[in-house]
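If you read the sequence shown in the numbering used here, its first letter stands for residue 20, the second for the next number, and so on. Quick reminder that beta carbons are idealized off the backbone N, C-alpha and C, glycines included. Keep in mind the model is a prediction, meaning the values are calculated, not measured.
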Amino acid sequence: METENTKTVSIKNIKDCGVEMNLKITILEGALQAFRQKGLKFTMDDIAKILGISKKTIYTVFQDKEALFLAMVDYLFDSIKECERQIVEKTDLTTIEKIRAILGVMPDAYKDIDFRQFYTLKEKYPEIYAQVEKRLETGWESTIQLLEKGMEEGVVRHVKIPILKTMLEAALEEFFQRDILICHQISYAEALDEVVGILMDGIAVHE
Numbered sequence: 020m021e022t023e024n025t026k027t028v029s030i031k032n033i034k035d036c037g038v039e040m041n042l043k044i045t046i047l048e049g050a051l052q053a054f055r056q057k058g059l060k061f062t063m064d065d066i067a068k069i070l071g072i073s074k075k076t077i078y079t080v081f082q083d084k085e086a087l088f089l090a091m092v093d094y095l096f097d098s099i100k101e102c103e104r105q106i107v108e109k110t111d112l113t114t115i116e117k118i119r120a121i122l123g124v125m126p127d128a129y130k131d132i133d134f135r136q137f138y139t140l141k142e143k144y145p146e147i148y149a150q151v152e153k154r155l156e157t158g159w160e161s162t163i164q165l166l167e168k169g170m171e172e173g174v175v176r177h178v179k180i181p182i183l184k185t186m187l188e189a190a191l192e193e194f195f196q197r198d199i200l201i202c203h204q205i206s207y208a209e210a211l212d213e214v215v216g217i218l219m220d221g222i223a224v225h226e
């Protein structure tokens, strides 16, 4: 039987969870800002300075930099997945336009992040790189559905979807493993757009 006391405790727990979640998001946004400034070399001190909070406060949410980095990877990919969902729901785009947009999606808030700096990630933070790989290779359901719809509509060639998926994943993973983009002074956004453009030219039905 629920009493007034248990109701009060439940409401307090909900409020506490909300405050903790807001703090977590604030710290993650601060970490992204620190990454913009210093790449993988950012420190907890950098984040604390950006946010105007103590390191102790950060450590109440994340036990160390690696835990924070793992959460940051998921936060980024979750934001990308939310953008993908919004693209799928758009009614003013054709199927082929949706495919093009979803393959090259990048939230506006993160377009200025230099993802080229990830090329040292595998060596310095193998566990975090493994999470990046995992997120790159999963969550393709919406894209696959759009590709299948495009084939049914006759606007996409009947290609082997696993091959297309592997090609895009391999290109992105190559960008994250080597300094090829930095050496050739190509931004990550430009590289992603180029790869997606090449893939789209290959799968689109041209009248």
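Under 8 Å between C-beta atoms of residue i and residue j
i: L166; j: I118; result: yes
i: E156; j: V124; result: no
i: L59; j: K143; result: yes
i: L183; j: L211; result: no
i: I132; j: F194; result: no
i: Y129; j: S98; result: yes
i: E146; j: E85; result: yes
i: I107; j: G173; result: First, the amino acid is wrong: residue 107 is Val here, not Ile. Contact: no.
Cut-off 7 Å between Cβ atoms - residues of its own chain near residue i, not counting five sequence neighbours on either side
i: Q52; result: I69
i: A190; result: V214
i: T139; result: L59
i: G158; result: K100
i: E188; result: L155, E156
i: L42; result: V80
i: P181; result: none
Residue i: first and last residue of the uninterrupted alpha helix (DSSP H) it sits in
i: K60; result: No alpha helix (DSSP H) holds K60; DSSP gives it neither H nor E.
i: D93; result: 84-108
i: I77; result: 74-78
Near the ligand COA: residue i beta-carbon under 7 Å from a heavy atom
i: D198; result: Ligands in the displayed structure: none, and consequently the ligand COA is not present.
Cβ of residue i within 8 Å of any chain B Cβ
i: S161; result: As a matter of chain content, chain B is missing from the structure shown, which is built from one protein chain.
Same chain only: Cβ atoms within 6 Å of residue i, ignoring 5 sequence neighbours per side
i: T162; result: I121
i: I222; result: V175, R176, V178
i: I201; result: R135
i: D198; result: Y138
i: D220; result: none
i: I72; result: none
Contacts around residue i, its chain only, beta-carbon distance under 8 Å, and the 5 residues preceding and following it disregarded
i: F134; result: F194, F195, Y207
i: D64; result: K74
i: E39; result: V80
i: M186; result: L218
Self-check item: Those runs of the alpha helix (DSSP H) which lie wholly inside the stretch 176-208 and span at least 4 residues
Solution: 180-196, 199-202
Self-check item: the stretch 46-63 touching the stretch 86-97, judged by at least three CB pairs closer than 8 Å
Solution: yes
Exercise. Mind the definition here: the stretch 199-208 touches the stretch 149-166 only if three or more C-beta pairs lie below 8 Å; say whether that holds.
Key: no
Quiz item: At what residue ranges does the stretch 119-176 contain a whole run of the beta strand (DSSP E), taking only runs of 3 or more?
Solution: none
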